[in-house]
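Here the structure is laid out as structure tokens; the discussion comes afterwards.
2 protein chains.
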Amino acid sequence: MTYGAANLSDDGTGAKSTLASTVYHQLRDDLLGGALETESKLRVEWVVSKYGAGASPVREALNRLASEGLLGRHDQRGFFIMPVSATELEELTRTRCWLEERALRESIAHRTAEWEEQLVLALHRLGRASRLSSQSSSSLNPEWEKVHRTFHRVLISACRSHWLVGFCDQLSDHAYRYRQMANDGESIQRDDFAEHRLIAENALDGNADGAVQALIDHYQLTAAMCMERFRQGEAPAGPGQRAQR
Amino acid sequence: MTYGAANLSDDGTGAKSTLASTVYHQLRDDLLGGALETESKLRVEWVVSKYGAGASPVREALNRLASEGLLGRHDQRGFFIMPVSATELEELTRTRCWLEERALRESIAHRTAEWEEQLVLALHRLGRASRLSSQSSSSLNPEWEKVHRTFHRVLISACRSHWLVGFCDQLSDHAYRYRQMANDGESIQRDDFAEHRLIAENALDGNADGAVQALIDHYQLTAAMCMERFRQGEAPAGPGQRAQR
DNA sequence: GTTGTAGAAATATTCGAATTCTCGCGATCG
DNA sequence: CGATCGCGAGAATTCGAATATTTCTACAAC
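Chains as they are written, first to last, in the UniProt record's numbering: chain V, 1 to 245; chain E, 1 to 245.
Here it is in structure tokens:
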């Protein structure tokens with residue numbers, strides 16, 4: 001065995017993953033976690049040396065990430081980390097509200113007993129997990145993030161469109177990126193659980209309008225908080241992105 | 001000059017494209033055009049020999065296509081052409097109607113003079129291009145397809161969300177694939193231009209409800225026609241897809 | 001007949017070495 | 001002085017050759 005040493009299992013089914021997929025997931029996590037925002041340009045060689053893989057698999061990973069909008073691509077000029085901006089955050093939030101509203105309405109309209117149970121379960125878990133990491137207050141609790149994401153995914157999972165679910169997922173990733181970036185110490189106190197409970201209860205009651213309103217409020221509040229932080233950290237010309245081209 | 005010989009310009013800006021991008025576009029066209037539906041499994045070696053490129057660029061192209069849902073991927077087992085089905089067509093159409101409705105409403109709500117002009121222009125061009133190819137009746141006129149796509153893109157272009165436009169584009173690609181597949185000789189006569197004119201005129205008048213209704217009718221009629229053909233060609237077990245795994 | 005299995009063949013994946021391209025810099029030409 | 005042309009250095013891209021994995025086949029055991 002010469003290369004590809006760190007591959008045990010990928011999805012629990014015992015199927016071995018490719019190096020390309022491994023790099024993809026790692027790099028994606030780093031991108032979303034805001035671990036490498038400092039450099040706008042992403043040199044292949046740099047990724048190769050950091051993640052220990054050849055150019056080919058790295059390049060595959062980069063291509064996937066570019067297709068998802070996390071990276072940009074210029075033929076013959078490599079990849080770059082997609083820049084962030086206030087207007088992009090607005091557009092993202094706007095789109096997210098549109099899609100999630102539709103998804104939630106459909107989900108409620110076609111809800112099943114199983115969906116209700118999953119939702120109750122997701123809400124319960126959300127109540128258990130704490131928002132902030134117990135160790136560092138400057139980063140969110142990864143466990144909470146996981147549960148949180150599951151909650152929102154379950155919420156719209158009955159909408160009868162894997163396309164729509166996928167799109168919402170994708171937007172969710174980008175929103176997560178902004179949230180991570182804007183996360184240096186909590187600002188306003190916020191009762192996360194109450195917000196989610198309001199959404200879930202309305203949904204379970206079949207009150208689509210109420211659920212949608214609560215969901216949109218939830219997203220917009222989050223966006224507003226991000227925006228505030230975003231605007232603060234913008235003027236000092238901090239370690240944000242650099243030369244674009 | 002040893003490899004990468006067939007690269008003049010890609011986007012008209014004089015920028016040279018990568019082999020990966022070239023293969024991506026070609027393969028994508030073939031996929032959408034229904035040129036190679038016969039084999040569900042897509043061997044890298046086959047693509048390499050057909051498109052004249054090494055494994056690395058081909059693989060990149062495959063990865064991009066997989067991210068768009070045109071191909072599927074199983075780590076260590078390669079890529080396969082995404083199967084088609086009646087239920088998938090339904091889901092696709094449903095999602096498309098949801099997204100395009102929202103996009104159109106927003107587009108109308110935020111329309112500008114330039115948007116109106118582009119729309120008028122797109123409609124005019126649509127009237128000029130004929131639906132069927134002059135040569136072969138079994139394939140659609142590529143010029144018409146181009147103009148048609150432009151029309152629909154323009155229609156929603158003022159919605160203030162590149163995300164939404166992108167999603168609609170993606171769904172549009174998949175719908176196109178189904179349309180191509182279901183295209184062996186015209187069935188019902190259909191006044192395409194009248195349908196599009198109805199949409200455009202309502203949109204230009206600011207009549208969102210009317211425009212949306214016309215647009216949805218348009219999509220659903222198309223889907224219904226595809227579905228009909230689809231069901232016909234299903235029983236004979238024609239040269240459709242083969243072994244899945 | 002079914003199940004299991006070693007080995008071969010076919011494929012997919014990855015690497016390391018070219019090859020090609022871009023970008024910056026200094027010289028040269030209007 | 002501004003614009004253009006060469007000319008490397010540095011990157012990106014691609015190839016051809018390994019390396020790994022899956023799939024197929026023949027054969028044996030139950």
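A virtual CB, placed ideally from N, CA and C, is assigned to each residue, including glycine.
Query - Extent of the continuous beta strand (DSSP E) to which residue 73(E) belongs - result: According to the DSSP assignment, residue 73(E) belongs to the beta strand (DSSP E) that extends over 71–74.
Query raised in the report: How would you label residue 228(E), buried or exposed, when you count the other beta carbons within 10 angstroms and need 16 or more for buried?
Result: Exposed, by the Cβ-count rule.
Query raised in the report: Is the Cβ-Cβ distance between residue 34(E) and residue 181(E) less than 7 Å?
Result: yes
Query raised in the report: At a CB-CB cut-off below 7 Å, which residues of chain E make contact with residue 95(V)?
Result: 161, 163, 164
Query raised in the report: Going by DSSP, which residues form a beta bridge with residue 151(V)?
Result: BP columns for residue 151(V) are empty, so no partner.
Requested in this report: Could you confirm whether any beta carbon from chain E is found closer than 7 Å to the beta carbon of residue 278(V)?
Outcome: Coverage of chain V is limited to positions 1 through 245, which leaves residue 278(V) absent and any answer about it impossible.
Query raised in the report: Can you pull the DSSP bridge partners for residue 79(E)?
Result: 42(E), 73(E)
Requested in this report: Give the secondary structure of residue 206(V) by DSSP, where H, G and I count as helix, E and B as strand, and everything else as coil.
Outcome: coil
Report task. Using the Cα positions of residue 195(E) and residue 121(V), report the straight-line distance between them to the nearest angstrom. Result -> 47 Å
Requested in this report: Compare the C-beta of residue 46(E) with all C-beta atoms of chain V and state if any pair is closer than 7 Å.
Outcome: no
Query - Secondary structure of residue 29(E), DSSP reduced to three states - result: It is helical.
Requested in this report: Report the rounded CA-to-CA distance for residue 90(V) versus residue 198(E), giving the unit in angstroms.
Outcome: 32 Å
Query raised in the report: Using 8 Å as the Cβ pair cut-off and three pairs as the minimum, do the region 100–113 of chain V and the region 157–175 of chain E touch?
Result: no
Query raised in the report: Quick one: what does DSSP say residue 127(V) is sitting in, helix, strand or coil?
Result: Here residue 127(V) sits in helix by DSSP.
Requested in this report: Pick out whichever of 157(V), 129(V), 99(V), 62(V) has its Cα sitting closest to the Cα of residue 43(V).
Outcome: 62(V)
Report task. Could you work out which residues of chain V lie near residue 85(E), taking near to mean beta carbons separated by less than 7 Å? Result -> By Cβ distance, chain V contributes nothing, its closest Cβ being about 12 Å from residue 85(E), past 7 Å.
Query raised in the report: Looking at residue 21(E) and residue 270(V), is the spacing between their C-beta atoms short of 7 Å?
Result: Outside the modelled stretch of chain V, which goes from 1 to 245, sits residue 270(V), for which no answer is possible.
Query raised in the report: Using the beta-carbon of each residue, which ones in chain V are nearer than 8 Å to residue 193(E)?
Result: By Cβ distance, chain V contributes nothing, its closest Cβ being about 29 Å from residue 193(E), past 8 Å.
Query raised in the report: If the cut is a Cβ gap below 9 Å, which residues of chain E does residue 76(V) touch?
Result: The answer, in chain order, is 15, 16, 17, 18.
Report task. Out of 85(E), 50(E), 19(E), 25(E), state which residue places its alpha-carbon closest to the alpha-carbon of residue 232(E). Result -> 85(E)
Requested in this report: Could you tell me whether the Cβ atoms of residue 204(E) and residue 101(E) are closer together than 7 Å?
Outcome: It is not a contact, given that the beta carbons lie outside the stated cut-off.
Requested in this report: Answer with yes or no whether the minimum CB distance from residue 167(V) to chain E is below 7 Å.
Outcome: Taking a beta-carbon distance threshold of 7 Å, residue 167(V) counts as an interface residue toward chain E.
Query raised in the report: Run through DSSP, which three-state label would residue 233(E) get?
Result: coil
Query raised in the report: Closest Cβ-Cβ distance between residue 100(E) and chain V: below 7 Å?
Result: no
Query raised in the report: CB residue 17(V) to CB residue 56(E), shorter than 7 Å?
Result: no
Requested in this report: Could you check what DSSP says for residue 17(V) in three-state terms: helix, strand or coil?
Outcome: coil
**Report entry** Test: residue 60(V) CB closer than 7 Å to a CB of chain E
**Finding:** Closer than 7 Å to some Cβ of chain E, the Cβ of residue 60(V) qualifies, so yes.
Query raised in the report: If residue 69(E) sits next to residue 80(E), beta carbons under 8 Å apart, how far is it from one beta carbon to the other, in whole angstroms?
Result: Their Cβ separation, rounded to whole angstroms, is 12 Å, which puts residue 69(E) and residue 80(E) out of contact at 8 Å.
Report task. Answer yes or no: does any C-beta atom of chain E fall closer than 7 Å to that of residue 141(V)? Result -> The beta-carbon of residue 141(V) is placed no less than 7 Å from the nearest beta-carbon of chain E.
Query raised in the report: Which same chain residues, not among the five before or five after residue 217(V), have their C-beta less than 7 Å away from its C-beta?
Result: none
Report task. For residue 68(V), return the contacting residues in chain E, with the cut-off set at a CB-CB distance below 8 Å. Result -> 67
Report task. Excluding the 5 residues preceding and the 5 following residue 96(V) in the sequence, name in chain order all residues of the same chain whose CB lies nearer than 7 Å to its CB. Result -> 171, 175, 219
Query raised in the report: Can you find a C-beta in chain E that's less than 7 Å from the C-beta of residue 91(V)?
Result: yes
Query raised in the report: Is residue 214(E) closer than 7 Å to residue 93(E) when the C-beta atoms are compared?
Result: no
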